[in-house]
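Beneath this line is the structure, given in structure tokens, with notes to follow.
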Amino acid sequence: MSDLSNEDIVARELCMLKVRCNNVNRHELLDIANVFRADVVDLATNSIILQVVGDEDKINGLVKMCEPYGIRELSRTGRIAMVRGTKTTTVHEPEPEKIARMHSTQGRRVEGVDLPFSSD
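Sequential numbering from 203 applies to the sequence shown in our numbering.
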């Protein structure tokens, strides 16, 4: 993790939300999704799952617009960011052995390639 508070960054958040819907209001929810450029990732008889990427205000706006329909479930990643331009946020240190073992055994690391890492 890097402190980017004094950097010029591009930041985004991912949100998935499941909203109650029916035949009467489904088109209204699809219109709302379109305004926020949200993707429909699942559509069922009584619910719709929307996925949206954006800043906190955009996501809060979509959530607020969907509240009257009934939010059944909501999941947000929190903000992620990268520094603009050629500067990177890469940690230029060897990965600790314990973390490397975990990545190797859990299939989260490409074998034979030395990639930068980020750890909690």
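We put the CB at the ideal spot given by N, CA and C, even for glycine.
Where G272 sits in the DSSP three-state scheme: Position 70 of the sequence shown holds residue 272. Coil at G272, not helix or strand.
Please classify S321 as buried or exposed, where buried requires at least 16 other C-beta atoms within 10 Å of its C-beta. For the purposes of this step, residue 321 is taken as residue 119 along the sequence shown, with counting starting at 1. Low local confidence applies: a pLDDT of 46 at S321 is under 50, so the model's placement there is unreliable, with the coordinate-based value given in what follows. That one is exposed.
Reduced DSSP category for R311 - H, G, I as helix; E, B as strand; rest coil: Here the question's residue 311 lines up with position 109 in the sequence shown. Its pLDDT being 49, under 50, R311 is placed unreliably by the model, and the measurement read from it follows with that caveat. Looking at R311 - three-state DSSP - the assignment turns out to be coil, as it is neither helix nor strand.
R239 by DSSP, collapsed to three states: which one? Your numbering for residue 239 matches position 37 in the sequence shown. Here R239 sits in coil by DSSP.
Opposite R303 in the DSSP bridges: which residues? Here the question's residue 303 lines up with position 101 in the sequence shown. Under DSSP, R303 shares a beta bridge with no residue.
Give a yes or no on whether the C-beta atoms belonging to R228 and I211 are separated by under 8 Å. Walking along the sequence shown from the start, residue 228 turns up at place 26. Walking along the sequence shown from the start, residue 211 turns up at place 9. Not a contact, by the Cβ cut-off of 8 Å.
Here's a check: name, in chain order, each residue in its chain whose Cβ is nearer than 8 Å to the Cβ of C268, leaving out the five neighbours to either side. Mapped onto the sequence shown, residue 268 falls at position 66. So the qualifying residues of the chain are L219, V221, L231, I234, L252.
Could you give the distance in angstroms between the alpha-carbon of I282 and the alpha-carbon of N208? As a working mapping, residue 282 is identified with position 80 in the sequence shown. As a working mapping, residue 208 is identified with position 6 in the sequence shown. Going by the C-alpha atoms only, they are around 15 Å apart.
So, at 6 Å on beta carbons, what are the nonlocal neighbours of F238 in its own chain, with the 5 sequence-adjacent residues on each side left out? For this step, residue 238 is matched to residue 36 along the sequence shown. Within the same chain, and ignoring the five residues on either side of F238 in sequence, the residues whose Cβ sits closer than 6 Å to its Cβ are V254, L264.
Confirm, please, whether the CB-CB distance from I261 to E215 is below 8 Å. As a position in the sequence shown, residue 215 is number 13, starting the count at 1. As a position in the sequence shown, residue 261 is number 59, starting the count at 1. A contact, by the Cβ cut-off of 8 Å.
Burial state of A240 (16 or more Cβ within 10 Å): As a first step, residue 240 must be located in the sequence shown, where it is residue number 38. Looking at its Cβ environment, which holds 16 or more other Cβ atoms inside 10 Å, A240 is buried.
Same chain, Cβ closer than 6 Å to C149, neighbours up to 5 away in sequence not counted: The structure shown does not extend to residue 149, since the chain spans only 203 to 322, so no value can be given for it.
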